[in-house]
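Chains as they are written, first to last, in our numbering: chain A, 4 to 594; chain B, 4 to 594.
The structure is reproduced here in structure tokens:
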């Protein structure tokens, strides 16, 4: 079936149901960022392979709503599919809703599979449409036309030991139950896979990059039931879970369990991280409390074991990055290196490290103008040769049994322009400000974000993405609740939270620069004013000073940079060969 | 009647009604910050004269909830009144609600005069109490026991001309009506006095410091009715209003007007700036849209006339401040100067200026340790002599026919300690960073706040108040919607908004330092990244460099300071005597 034929088949079903518009979001019933093949509905329907977007189909029009990161790719992939690119102004904003309310008349009906809508989105959509007299119903028009739709993943899951997680499942359940008690909730539904992986000390291979396993859980004060394909666990693993008070039931049984919650119970449910379909299954006699999953907040604050292991992962990752940078500097201009081959080489260096499991996301290996696309992903088609000139941006990360890494370095390849040098220096200034910040307890991400951006604002430069995101422990490379970005998200930065600091400058057609470290929140000092916190740089990899305009740095920034590079050498050199250490010595020389 | 007797009289009424708790907030039916004498319920009932607080009375307990600014004053004023000071952790937070839900049993009844509760507070209170099975009713237990309660103010109001406001009432009504249309509202109730003063180009003398007049308004697309004591306006003024399409009706008629809104109308009402009583009067057939008053947003963005006039007011204020500083420097140690006499002298200098109407708030004249109380107000009792040593903090402002000013200078009186010098320099660093900031369009107050605080955070110092507040045009010295503080308030800083920048350091028992300028948001530059904005310093008054630790300032900060002081001299010297100009020349000398 061509995409055109699929579109016709969807429209025929719509006609039969008297449905005027059909929405296909990028999601699964766990409201995941990375989807198992079974849920890759947008690539199936439209051919668009980007990771963010929404399809909206009417009889007259079919559109893909996505943001600037994907404009080029979408324009290419949507050719002859019958879908038109609809450029979104704000990332992740459901701008198609207004389009729908303007295009559709009163008494129209809109359909979407409500397993693919978060509660938040489902309610918003329902309200906005209802205000215009438009109905919202749930329909799945893809399954009937999806020949050989991939089955749900059947990969084995595995449990990780307490000594590695630093906290037992029992202890985690106790913590969550305490929050439930405080919130007056007798039941708690969890659908988000990283919350489940953390709570049950379980990992899997069901999706790319995130070591999670498809499952749900329903908790009460005396029961904890994990809904999971039972073949994913061994008998021994089930016994281990049982000893922690966790019952295992089939994945599909979750719906029945929700419908069966007894009257007069109250359920805590996270509207961002559960699907609308399940929400509607909750009996009307059950009181609903909407709030963030307690596990999301608990998981974000890493314990001592997680932090110690993460430091190990960072050393391993730093060695791989150092080898990659050395390899690049020594081979550039000698053998042919492309964006893709460089990424493959970096992966090889990571694979040499004990405990490496896989990449934590698709490596962004972006040379020259490609670097100006913040989420560029090199394909066979876009792949270009990397030469001994310009800037080469590499944003990559690894999943290690010891933790998750995420690092960006922008590598001066030679012959750099004044603009490249200035931009590089300003991004580094921002990154240093973000890393060396001291802030009072209670400070939120938007405050860290502003202080990181300031050195760029001073030069009338800004970047369109956030300054940083939370990072999991051997889990998702993007996790909440904390985030460093300009939006008014009142989540304080707590001790033990791991977050990225990654300002950038993007000049379309020219270059992109981003420099990223992961940081841990630590105690700094306490006095009559407050407790003050600071960041510990977890990422250990050299920052190039080759094209730095030293005169643009303040003394404190220069000191930070020299201290950082010195520490990188001191920590990594014992793990390197003599040759490698010598190379790193030069690379990290104080300026 | 003593306060003890009043308390008994209130408790007797409570008993008769089977009411277990009575709440007395600091508010009027306009939800004002400054109250007419008629509504000074807290001083009447308890003797506490501070401007923020709430009384809660049960049979067993009577408490005043207020924040740290008033702890000393309240402890003093509440002696032998029967009221106990209840220390609030967070300014303006209704912490007494939790206290009530913990103290009162199910089926209890709480009473409050719902004309003194904002809609927001009324609903919150109702919900929190209802969740514990407690009822909320409206009662006024003060009027029956308040002998000779002051009448509502009968001061004359006056209209100001379009050439002075830069926009006619007609044009303003049009703008508001456009917003109503966009929001789908057919009616709009306004109770907030500064919104009304702006919209109808009317001023009055009904409360201290704010040149407003008690009134309400109900707008529709074809009607605008101003509810006001008709004696406050002349026949001519009523005619002028009528020509702008404004009907004038008696103040008391507003309640009847609200109850009489026809079915199927929709009303826009600001839940923070209208009283709960009026909200309950809205017929159930009327759809309620809760949002910020359109006039609040429109008023905040000053037009060219308002800005030009404000610049005139700033020159006048700068002259007064300069004369005050010179007077202080020349008389200190020679004649006796106290906090109160200094404030009086400053007022005299302001009064010499043409167009001066009055102070825009109570002058904070705070010597040495008194400066550490951010909202200190000198009384006959607390008044101390100002000597030729330590720091003297003066935060003051004027209402001019040309605009509203608000300025803080901390004056080094001599013999300053190293700590005083460092703190002074750091506050100035923060203030300079806040003033010289460049930021992209869309930036919110919390981002400005973070960048202003950073120089203090670097030294593990913080301050407990916001960095800045919006300022009216010949109106309230505190106005929204923009605010520079750490809370997640997503209001972008728009061109033409006037806001204060006033970081501080407070060391209890030692000293307080605050330096404050008002700034206007102006265009800076536009490029591919964004439109960038900057601040124009409106306040024109010297900043002392006497105790500055120059080595702690960055070069850009030093340049800003020297440029600022030079501009102060250039702008003020033509308005000064030769003597004064000579003094200012020295005071503003570049360092």
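Cβ coordinates follow ideal geometry from the N, Cα and C atoms, glycine included.
These numbers come from a predicted model, not from an experiment.
Quiz prompt | Within chain A, the residues that residue 491 of chain B reaches when beta carbons sit closer than 8 angstroms | solution = 447, 449, 491, 492, 493
Quiz item: Whose CA, out of B:294, B:157, B:181, B:147, lies closest to the CA of residue 122 of chain B?
Solution: B:294
Quiz item: Which residue from A:79, A:6, A:70 puts its Cα closest to that of residue 45 of chain A?
Solution: A:6
Quiz item: Of the residues that make up the stretch 553-564 of chain B, which ones have a beta carbon closer than 8 angstroms to any beta carbon in chain C?
Solution: Looking at the structure shown, chain C is missing, and the protein chains on hand are A and B.
Quiz item: Which chain B residues sit within Cβ distance under 7 angstroms of residue 532 of chain A?
Solution: 463, 464, 465
Practice problem: Show which residues of chain B have a CB atom less than 7 angstroms away from the CB atom of residue 572 of chain A. | Solution: Chain B residues near residue 572 of chain A: none, gap ~27 angstroms exceeds 7 angstroms.
Quiz item: residue 503 of chain B by DSSP, collapsed to three states: which one?
Solution: strand
Exercise. Return no unless some Cβ of chain B is closer than 8 angstroms to the Cβ of residue 71 of chain A.
Key: no
Practice problem: Please report how far the alpha carbon of residue 549 of chain A lies from the alpha carbon of residue 325 of chain A, in whole angstroms. | Solution: 15 angstroms
Quiz item: Using a Cβ-Cβ cut-off of 6 angstroms (strictly less than) and excluding sequence neighbours within five positions of residue 16 of chain A, which residues of its own chain qualify?
Solution: 144
Quiz prompt | Segment contact, 8 angstroms Cβ cut-off, at least three pairs: the stretch 314-334 of chain B with the stretch 537-549 of chain B | solution = yes
Quiz item: How would you label residue 151 of chain B, buried or exposed, when you count the other beta carbons within 10 angstroms and need 16 or more for buried?
Solution: exposed
Self-check item: Beta carbon of residue 303 of chain B nearer than 8 angstroms to that of residue 473 of chain B
Solution: yes
Quiz item: What residues from the stretch 518-532 of chain B come within 8 angstroms of chain A, judged by C-beta to C-beta, listed N to C?
Solution: 527, 528, 530, 531, 532
Practice problem: Output yes or no for whether 8 angstroms exceeds the beta carbon distance between residue 308 of chain A and residue 168 of chain A. | Solution: yes
Practice problem: List the residues of chain A whose Cβ lies closer than 7 angstroms to the Cβ of residue 457 of chain B, in chain order. | Solution: 454
Quiz prompt | Simplified DSSP state of residue 511 of chain A, which is helix, strand or coil | solution = coil
Quiz prompt | Straight-line gap, residue 64 of chain B to residue 86 of chain B (C-alpha atoms, nearest Å) | solution = 8 angstroms
Quiz prompt | CA-to-CA distance, residue 162 of chain B to residue 240 of chain B, given in whole angstroms | solution = 7 angstroms
Practice problem: Could you say if the stretch 346-363 of chain A and the stretch 386-404 of chain A meet the contact criterion of at least three C-beta pairs nearer than 8 angstroms? | Solution: yes
Quiz item: How is residue 452 of chain A classed by DSSP in three states: helix, strand or coil?
Solution: helix
Quiz item: From what residue to what residue does the alpha helix (DSSP H) around residue 149 of chain B run?
Solution: Note, residue 149 of chain B: premise wrong, no alpha helix (DSSP H); not H, not E.
Quiz item: Between residue 443 of chain B and chain A, is there a C-beta pair that is closer than 8 angstroms?
Solution: yes
Self-check item: Residues of its chain near residue 498 of chain B, where Cβ-Cβ distance is below 8 angstroms and the 5 sequence neighbours each way are ignored
Solution: 304, 524, 525, 526, 536
Quiz item: Below 8 angstroms, can you find three or more Cβ-Cβ pairs linking the stretch 453-466 of chain A to the stretch 453-462 of chain B?
Solution: yes
Quiz item: Considering only C-alpha positions, which residue in the set B:215, B:210, B:260 is nearest to residue 223 of chain B?
Solution: B:260
Quiz item: Does any C-beta atom of chain B lie closer than 8 angstroms to the C-beta of residue 535 of chain A?
Solution: yes
Quiz item: Between A:375, A:405, A:394, A:271, which lies nearest to residue 532 of chain B when the distance is taken from Cα to Cα?
Solution: A:375
Practice problem: Note the first and the last residue of the continuous alpha helix (DSSP H) segment covering residue 6 of chain B. | Solution: 6-20
Quiz prompt | Cross-chain neighbours of residue 460 of chain B in chain A, by beta carbon under 9 angstroms | solution = 440, 441, 442, 443, 446, 454, 535
Exercise. Measuring alpha carbon to alpha carbon, tell me which of A:49, A:556, A:411 ends up nearest residue 327 of chain A.
Key: A:411
Quiz item: Taking contact to mean at least 3 C-beta pairs separated by less than 8 angstroms, is the stretch 476-484 of chain A in contact with the stretch 192-210 of chain A?
Solution: yes
Quiz item: Mapping DSSP to helix, strand and coil, what is residue 466 of chain A?
Solution: coil
Practice problem: State the DSSP-derived secondary structure class of residue 282 of chain B, mapped to helix, strand or coil. | Solution: helix
Exercise. Identify, in the order they occur along the chain, each residue of the same chain with its Cβ nearer than 7 angstroms to the Cβ of residue 53 of chain B, setting aside the five sequence neighbours on each side.
Key: 69, 73, 76, 77
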